[in-house]
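Numbered by this note's numbering, the letters in the sequence shown go through residues 2 to 752 in order.
Yeah, the Cβ is synthetic: ideal placement off N, Cα and C, and Gly gets one too.
Everything on this sheet refers to the single structure shown next.
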Amino acid sequence: MKNLDTEKHIKGKSLFIDDFPTPDGTLILDVFYSSVAHAKIVSVDYSEAEKLDGVKKIITAGDIIGENQIGGIIHDETLLAENEVTYIGEPIAIIAAKDKRTAHKAKSLINIKYEELPVITDPKEACEKGELIIPPRIFSCGDIYNTWDCCDYIFEDTVETGGQEHLYLETQGSIAIPVEGKKIKIISSTQGPTYVQKAVSKVLNIPMHFVEVDVLRLGGAFGGKEDQATAFGAMAGLAAYILQRPAKLVLNRHDDLVITGKRHPYISDYKIGLNKEGKILAYEVSYYQNSGACADLSTPILDRSLFHATNSYSIPNVKSTGYCCRTNLAPNTAFRGFGGPQAMFVIEAAIHKAAEEMGIDVEEIQKKNLVSEKDVTHYGQVLNNCNAQKCFNQTTDLYNYNQLKLDVKKFNSENDQYKKGIAIMPICFGISFTNSFLNQGSALIHIYTDGSVQISAAAVEMGQGVNQKLRLIAANVFSIPVELITVESTNTTRVANTSPTAASSGADLNGNAVFIACNNLLDRLINRAAEILNITDPKLISIKNGTVYISGEKTDLAWNGLIEQAYFNRVNLSSQALYTTPEIYFDKETNKGNPFAYHVYGTAVITSKVDCVRGIYNIESVKLVHDFGKSIDPVVDKGQTEGAVVQGLGWLTIEEIAHNVNGKLLSDTLSTYKVPDIYFAPDEIEIEFLEDSENRFGPLNSKAIGEPPFMYGIGGYFSIINAIKSFNPKLEINYSAPITPEKVLMSLYGK
Ligand code: QUE
Ligand code: MOS
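What follows is the structure, encoded as C-alpha cells:
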C-alpha cells in the first residue's frame, strides 16, 4: 500500500498537530463545555479555576473581539455559549494554561449553575414542535398520487439508520501562532483551510489576509473535519491573539467524542408501489434528519439524501421530502457519503420488503429497475455513460452469484446453529458538490532550477492518497520520474479561497488544476526546447521519460538541462491554475438541473454467517465490480475501496451511537462504541475494476473514489437479515440499522 507518506507513517515520522514542535511558552488549551443538553446559564464561577497556579486565562464569549459566530452556511452557531446551551459538549470557555494537566484540573474547578429547559433528542418530535432548521425540501418527478391506483402492490414502512462516529485517529486540534503586525498563523487539522481562515478572521475581527492557515496532513477526517475543525482553529486563534502567545489545542478522545457531531441519524417513512412484474412505479419518502443543535452542513446533507433517494434505480414517479430537525444533540455533520447512505438504505429496505411480501427474489426487483443510458433522474439530470447495468451483470457473472446463492442455501439446509446470508448492493453516487460554486480546484506549481517540482494545491491530504495522485498527474504531464515531485502542505497563502477537500472531489478538482498548470509550464518548456534545438515547429518536440525528443527521435537535452536553460532564458517556471467543473448547474427553486459532473457505479455481493445461538456474525466476503474510470493509482483506489467497505459495514452493523433521554452520549468511550477492526473486516474483499470506463471530467480519465464504495456496506446489513430469515422465516423484520449482535439475537428468536 505504497504512497508518498507510507514510509514516514510506518516509522512514526509523519507529523500531526500534536507532534509539531512548538515554541517555549506555548499555552495549552482545554475546552470547558456544557454538561446539560438544554439550559439557561444562570451563573459561572471561574474564580477557583483562575487561582490555580499555571492558569494563564479563562477565555469566555465576552473576550471575543469580533463576532461570536462560526456557522458556515446558516449563522446559528456561537464559538462560545453566552446565555444558553443547547447540547452536551457545547463549548462555554477556553482554559489557557502552562500544560495539559493544569488546564484539565482548572476545568474541574469551574462552578456553573444551569436552569434546565426541555430536551428534544427525537427528530420527529422536533419536527412536530416546529423545530426545523429550514422549511421542508421536496425533490419530485412524475405524479405519485395518480400512480398508486395503477400499482399491483403498495408497501409502507418506517426505517431508521443510526449515527456514526468518525473516529479519525487524530482528534481535532490546532496550533495558533501570533505573527508580527497583528497577524496570525494557524496550523490546523482541517479539511477546509479557508473555512478556518474565515472563522478566525471573523472572530478576531481582522481581514482574511492577516490569517494564514497551514495544513500538512490529517490523521483521518471522513467528513468530521470539514466543518467541525473550524471551531478549534478559531479557539486556538482567539487564545493566541488575546494572549499574544502561541497556543495549542488538541482534544482528548473523550472530549472529541462528546463535543463533535457525527453522521446524522435518520428516521424515514416510505411508500413504494410496484406492478406484478416487479417494476417500481412510484416511491414516496420522507426523511427526518436528526440535525442536532446547529445547522452545520445539515442542509446540503439533506439535499444529498434527496438526490440519492432512488439509489441506482429508475423510478418514474418520485416524491422525496426532507426535514432538518433541530434537536439537543451535538450538531451532526458531514460523514463519508454526506446523507446519501441514509437515503440509499431506505430504498433498499423498501425493495427488500417488497420482494419479501411479493415472494420474489430481491435481485429481480433490483435488476428490473436499474438505471440505464440516458435515463433522466428525478432531479432532471440525464445519465451519460451509465454503467449501472454493466457493473451489476459483471458482478453476478464474475462471482457466479447463482452458485453463491445455492451454496448459501445448501449450507443452511445442513446447519442449524449457523446460517449464511447473501445480498447484492448496487450503487450510484453523484460526483460534485451539489452547490455548484464549490466545484473549483486550484494549483500552484514551481519548477526549481535543478529540475525538481513542487505542487501546492487546495487539496488536503487526510490519508486518502490525494497527494500521490497529484504527483502522478504532474509526472504524467511532464513525463518525469515521480520522485522529482513533492506536494507541499495546503496553505492559504499559496492557494487561496479553497473549497474543502470533500465530496470525493479532491483529486478530481485539484488534479485537473494540476493538469492545467503543468500543461501551461510544459508549453513554455517545449517552446524553449524548440529554440534551443533550432526547431521551428514546437509541435515536433515532446518530453518522454525526462528527455527531449524531436519527432520521436531522442536528443541530448534532458529535463534538468532544459529547466536550467529555461531559467537562464528568463522563462516563468511557476504556474497557477484554477479548474472549474463545466456543465453543472442546479435550480434550487425547481430542484432540477445537472448537479453532478458524472456518477460512479458499482455492484457488490456480500455474504455473511450468523451464529444463531449467540447472535454474533461475520461478514464472510464482499465481492464487487466497481467503476474507477481509468484509475490514476490502482493501489490507492483499492485501499480507499477496502476502507470504505469496512467503514460502511461498521455503520450498519456494530457501530451504535446511544444517547439517553437527557441528550447525554452514552457511547462516549471506545469501550462502549465498537468500530470495525481487522477481526471484524470481511474474510475476503475482492475488487474488480470495471473495464473500458471513460470519464472526461476526471484527471487522466479517472473517477472519484472517496465516498461511493462506502455504500456497499448497506449490502452487509441485508446479507445478515437474509441469514436471520433462514433461521426464523416468520420474523416480521424491523428494518432499522445498525443491526448489532444484540438485535440479531432478538430477531432470531422474536416474531
Ligand atoms: C456548502 C455546500 C456543500 C458542502 C459544504 C458547504 C455542498 C456539498 C458538500 C459536500 C458533498 C459531499 C460530501 C461533502 C460535502 O459540502 O453542496 O463532504 O461528502 O455537496 O459548506 O453547499
Ligand atoms: Mo465529505 S463527507 O468530507 O466528503
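Spatial neighbours of glutamate 157 in its chain, beta-carbon cut-off 6 angstroms, leaving aside the 5 residues before and after: Here residue 157 refers to the residue found at position 156 when the sequence shown is read from its first residue. Taken in chain order, the residues that qualify are Lys272.
Whole-Å CB distance - isoleucine 121 paired with lysine 130, under 8 angstroms assumed: For the purposes of this step, residue 121 is identified with residue 120 of the sequence shown, where counting begins at 1. For the purposes of this step, residue 130 is identified with residue 129 of the sequence shown, where counting begins at 1. Isoleucine 121 to lysine 130, Cβ: 7 angstroms. Contact.
Reduced DSSP secondary structure (H/G/I, E/B, other) of methionine 359: As a position in the sequence shown, residue 359 is number 358, starting the count at 1. Note: methionine 359 maps to helix in three-state DSSP.
In DSSP terms, what glycine 293 is bridged to: As a first step, residue 293 must be located in the sequence shown, where it is residue number 292. According to DSSP, which records beta bridges pairwise, glycine 293 is partnered with Arg327.
Outcome for methionine 463 when other beta-carbon atoms lying within 10 angstroms are tallied against a minimum of 16: On the sequence shown, position 462 is the one that residue 463 refers to. Per the 10 Å Cβ criterion, buried.
Contacting residues, own chain, Cβ-Cβ under 6 angstroms from glycine 164 (five flanking each side not counted): Within the sequence shown, the letter at position 163 stands for residue 164. Result list for glycine 164: Lys263, Arg264, Pro266, Ile658, in chain order.
Limits of the unbroken alpha helix (DSSP H) element including arginine 529: Here residue 529 corresponds to residue number 528 of the sequence shown, with the count starting at 1. Looking at the DSSP string, the run of the alpha helix (DSSP H) that includes arginine 529 is 507 to 533.
Own chain, CB closer than 8 angstroms to isoleucine 533, minus 5 neighbours either side, in chain order: Locating residue 533 in the sequence shown gives position 532, counting from the first residue. Leu558, Leu563, Gln566.
Rounded separation between aspartate 669 and leucine 258 - CA only: As a position in the sequence shown, residue 669 is number 668, starting the count at 1. As a position in the sequence shown, residue 258 is number 257, starting the count at 1. Rounded to the nearest angstrom, the two C-alpha atoms are 6 angstroms apart.
Own chain residues within Cβ distance below 7 angstroms of valine 383, not counting five before or after: For this step, residue 383 is matched to residue 382 along the sequence shown. Here the set comprises Lys375, Val377.
Touch test, the region 609 to 625 against the region 411 to 428, Cβ-Cβ under 8 angstroms, three pairs minimum: yes
For proline 92: DSSP bridge partner residues: Here residue 92 refers to the residue found at position 91 of the sequence shown. Paired residue(s): Tyr34.
Cβ contact check for the region 166 to 183 and the region 284 to 295: 3 or more pairs under 8 angstroms: no
The beta strand (DSSP E) enclosing alanine 177, as first and last residue numbers: Here residue 177 refers to the residue found at position 176 of the sequence shown. Segment 174 to 180, the beta strand (DSSP E) holding alanine 177.
Contacting residues, own chain, Cβ-Cβ under 6 angstroms from tyrosine 288 (five flanking each side not counted): Your numbering for residue 288 matches position 287 in the sequence shown. Answer for tyrosine 288: Tyr267, Ser269, Ser306, Gly323, listed in chain order.
Glycine 224: CB within 7 angstroms of a non-hydrogen atom of ligand 1: For the purposes of this step, residue 224 is identified with residue 223 of the sequence shown, where counting begins at 1. Glycine 224 Cβ: within cutoff of ligand 1.
Local conformation of arginine 495 per DSSP, three classes: Locating residue 495 in the sequence shown gives position 494, where the first residue counts as 1. In this structure, arginine 495 counts as coil in the three-state DSSP scheme.
Distance CB(alanine 514)-CB(serine 576) smaller than 8 angstroms: As a position in the sequence shown, residue 514 is number 513, starting the count at 1. As a position in the sequence shown, residue 576 is number 575, starting the count at 1. No. Outside cutoff.
Any non-hydrogen atom of ligand 2 closer than 7 angstroms to phenylalanine 308 Cβ: In the sequence shown, the residue the question calls residue 308 occupies position 307. No, the Cβ of phenylalanine 308 stays beyond 7 angstroms of every heavy atom of ligand 2.
Buried versus exposed, by CB contacts within 10 Å (16 or more), tyrosine 750: What you label residue 750 is simply residue 749 of the sequence shown in a count that begins at 1. Flag for tyrosine 750 reads exposed.
Nearest candidate by alpha-carbon position, reference isoleucine 95, set Lys114, Lys57, Asp123: Reading the sequence shown from its first residue, position 94 is the one you call residue 95. When only C-alpha atoms are compared, the closest one is Lys57.
Close Cβ partners of glutamate 285 (< 7 angstroms) along its chain, the five nearest in sequence each way excluded: Mapped onto the sequence shown, residue 285 falls at position 284. If we look at glutamate 285 and ignore the five residues flanking it on each side, its Cβ neighbours are Ile145, Tyr271, Lys272, Lys320.
DSSP three-state assignment for histidine 105, whether helix, strand or coil: In the sequence shown, residue 105 corresponds to position 104, counting from 1. Helix.
Local Cβ density within 10 Å of phenylalanine 569, reported as buried at 16 or more and exposed below that: By one-based count along the sequence shown, residue 569 stands at place 568. With fewer than 16 other Cβ atoms within 10 Å, it is exposed.
Close Cβ partners of lysine 470 (< 7 angstroms) along its chain, the five nearest in sequence each way excluded: Here residue 470 is taken as the residue at index 469 of the sequence shown, counted from 1. Taken in chain order, the residues that qualify are Ala508, Gly512, Ile633, Asp634, Val637.
Beta-bridge pairing of isoleucine 425 - partner residues as DSSP gives them: Your numbering for residue 425 matches position 424 in the sequence shown. DSSP, once it has assigned bridges, lists Val606 as partnering isoleucine 425.
Residue(s) in a DSSP beta bridge with asparagine 318: Here residue 318 refers to the residue found at position 317 of the sequence shown. DSSP, once it has assigned bridges, lists Ala283 as partnering asparagine 318.
Separation of valine 454 from valine 549, as counted between CA atoms: What you label residue 549 is simply residue 548 of the sequence shown in a count that begins at 1. What you label residue 454 is simply residue 453 of the sequence shown in a count that begins at 1. Using only the alpha carbons, I get a separation of about 17 angstroms.
Inter-stretch contact at 8 angstroms, needing at least 3 Cβ pairs: the region 225 to 243 / the region 192 to 211: yes
Those runs of the alpha helix (DSSP H) which lie wholly inside the region 97 to 144 and span at least 4 residues: 101 to 109, 124 to 129
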